[in-house]
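Novice:
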Amino acid sequence: MNYWLFKSEPDAFSIDDLAAKPQQTEHWDGIRNYQARNYLRDEVKAGDQVFFYHSSCKEVGIAGLAEIVKEAYPDHSQFNPESKYFDPKASPDKPRWVMVDVKLKQKFSKVLPLAKIKAMPEISEIGLVKKGHRLSIMPVSDKEFSILLDAAKA
DNA sequence: GCCAACGTTGGC
DNA sequence: GCCAACGTTGGC
Numbered sequence: 001m002n003y004w005l006f007k008s009e010p011d012a013f014s015i016d017d018l019a020a021k022p023q024q025t026e027h028w029d030g031i032r033n034y035q036a037r038n039y040l041r042d043e044v045k046a047g048d049q050v051f052f053y054h055s056s057c058k059e060v061g062i063a064g065l066a067e068i069v070k071e072a073y074p075d076h077s078q079f080n081p082e083s084k085y086f087d088p089k090a091s092p093d094k095p096r097w098v099m100v101d102v103k104l105k106q107k108f109s110k111v112l113p114l115a116k117i118k119a120m121p122e123i124s125e126i127g128l129v130k131k132g133h134r135l136s137i138m139p140v141s142d143k144e145f146s147i148l149l150d151a152a153k154a
């Protein structure tokens, strides 16, 4: 099993929005970065655990835990000219972008703040706190996952 | 709103 | 294929 961290701007889609969905499940669309796309397409598997991270907001940090319930399939927003994620170079027989479905497992009672994560010496190597941390989907190691989960529940 | 750090685009 | 210009991300 793999572990991941997915970023979302809560103004656009927050953990509460996910909680409000039927089955607390939603497709994670709009990924338009090739490296993130490759993770989604090749490595994100059903059952993988996902930290739901809130970015660009008042309380930046990890807000909860979700699980992959459906592996990569074409992101329909790339075909929709009305969508801001429309990609004129993509077509249904040659989709360029994929998405997965995630189901909420747990909303943490408090957001685990980025500042706290940065202050944890065991976590200093996580992609999130290193340079070039702009990927919206990034892998988390087993060790990082358990440390962060403990910290979030504490 | 600022700005640094990236990724992408497009001319050559 | 290089690289400058441009757009975006995201913490503060």
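Sequential numbering from 1 applies to the first sequence in full-length UniProt numbering. Glycine residues also receive a C-beta, built at the ideal position from the N, C-alpha and C atoms.
With distances taken from CA atoms, which of E144, H27, D142 and S136 is nearest E9?
Specialist: Checking every option, the nearest Cα to that of E9 belongs to S136.
Novice: When the Cα atoms are used, what is the spatial distance from L148 to I117?
Specialist: Answer to the nearest angstrom: the Cα atoms are 8 angstroms apart.
Novice: Taking the beta carbon of G64 as the centre, do at least 16 other beta carbons fall within 10 Å, making it buried, or is it exposed?
Specialist: By the 10 Å Cβ count, G64 comes out buried.
Novice: List the residues that DSSP assigns as beta-bridge partners of P74.
Specialist: Paired residues: V98.
Novice: If V140 sits next to F51, beta carbons under 8 angstroms apart, how far is it from one beta carbon to the other, in whole angstroms?
Specialist: The Cβ separation is near 7 angstroms, so the contact holds.
Novice: Is there contact between the stretch 5-24 and the stretch 44-63, where contact requires at least three CB pairs shorter than 8 angstroms?
Specialist: Counting Cβ pairs under 8 angstroms, three or more are found: they touch.
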